[in-house]
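See structure below.
In the UniProt record's numbering, the protein residues as written are 1 to 217.
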């Protein structure tokens, strides 16, 4: 199945879940009270641990049983050693995002890091509670002439351009949400995109202090 191949290529060929939690997400968490969160493509559990440490209750979803077991073991080990002890709970969920039944209006925060779920974004947006936040970071297509042809994809970090967002593609896909932050940038020479958006259907939430950005820099 092509969709599954695209997703697994994203997180198998280059697993960024050992990186530090993104600065934008850390800044966002400082502005939000704990609630219920969903992390998709959780990998080794980087995002869920950061959320649970701040008191969030987290559903961490991944297709790989081995990844979930490693994430769970790493979390238990860190708790036992007193490093990053969590105040919230993490439920490790073995599931395929392609067929996952997202509950409606369920989550105050959804986090997605380096997983191509563009075809499931409508369902993901529907799982946000009123005022809920979507945080999404992923790879961006290489600018023309920047990194050579897509045939070099197997020799560079991250997936090939076929598996990346085009410029402004993620922004357009989330047009039904209120975009609080959008930035296309180079991180260690790698084109990436980061978005923070909110379900503001009732218009009752005050704005968050996040700065939006534009093209690659």
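No residue lacks a Cβ here, since even glycine has one placed at the ideal position from N, Cα and C.
Which first and last residues belong to the beta strand (DSSP E) in which residue 196 is found?
Boundaries of the beta strand (DSSP E) harbouring residue 196: 190–198, taken from the DSSP string.
Leaving aside the five residues before and after residue 200 along the sequence, list all residues of the same chain whose C-beta is less than 6 Å from its C-beta, in chain order.
Hits under 6 Å: 178.
Cβ distance (whole Å) where residue 173 is taken to contact residue 141 below 8 Å:
Going by Cβ atoms, the distance from residue 173 to residue 141 rounds to 14 Å, so no, they are not a contact pair.
Using the rule of at least 16 other Cβ atoms within 10 Å of the residue's Cβ for burial, across every protein chain shown, is residue 69 buried or exposed?
Burial state of residue 69 is exposed, judged by a 10 Å Cβ sphere holding fewer than 16 other Cβ atoms.
Measure the alpha-carbon distance for residue 66 versus residue 163 and round it to whole angstroms.
It is roughly 23 Å from the alpha-carbon of residue 66 to the alpha-carbon of residue 163.
By Cβ distance below 6 Å, which residues in the same chain neighbour residue 50 in space, the five residues on each side in sequence not counted?
Answer for residue 50: 21, listed in chain order.
Going by beta-carbon coordinates alone, are residue 55 and residue 104 separated by less than 7 Å?
For residue 55 and residue 104, no; Cβs fall outside 7 Å.
Within the UniProt domain "Methyltransferase" (38–115), note down every full alpha helix (DSSP H) run reaching 4 residues or more, in order along the chain.
Uninterrupted alpha helix (DSSP H) stretches at least 4 residues long and entirely within the UniProt domain "Methyltransferase" (38–115) occur at 46–53 and 65–80, given in chain order.
In this structure, how does DSSP classify residue 3 when only helix, strand and coil are distinguished?
For residue 3, the predicted model reports a pLDDT of 49, less than 50, meaning its position is unreliable and no value from the coordinates is stated.
For residue 52 and residue 76, I'd like the C-alpha separation in whole angstroms.
Taking the straight line joining both Cα atoms gives about 12 Å.
Is any beta-carbon of chain B found at less than 7 Å from that of residue 126?
This model lacks chain B altogether; it includes just one protein chain.
In the DSSP assignment, what residue or residues form a beta bridge with residue 133?
Residue 133 pairs with 109 and 198.
Using the Cα positions of residue 135 and residue 25, report the straight-line distance between them to the nearest angstrom.
Straight across, the Cα-Cα distance linking residue 135 with residue 25 is about 7 Å.
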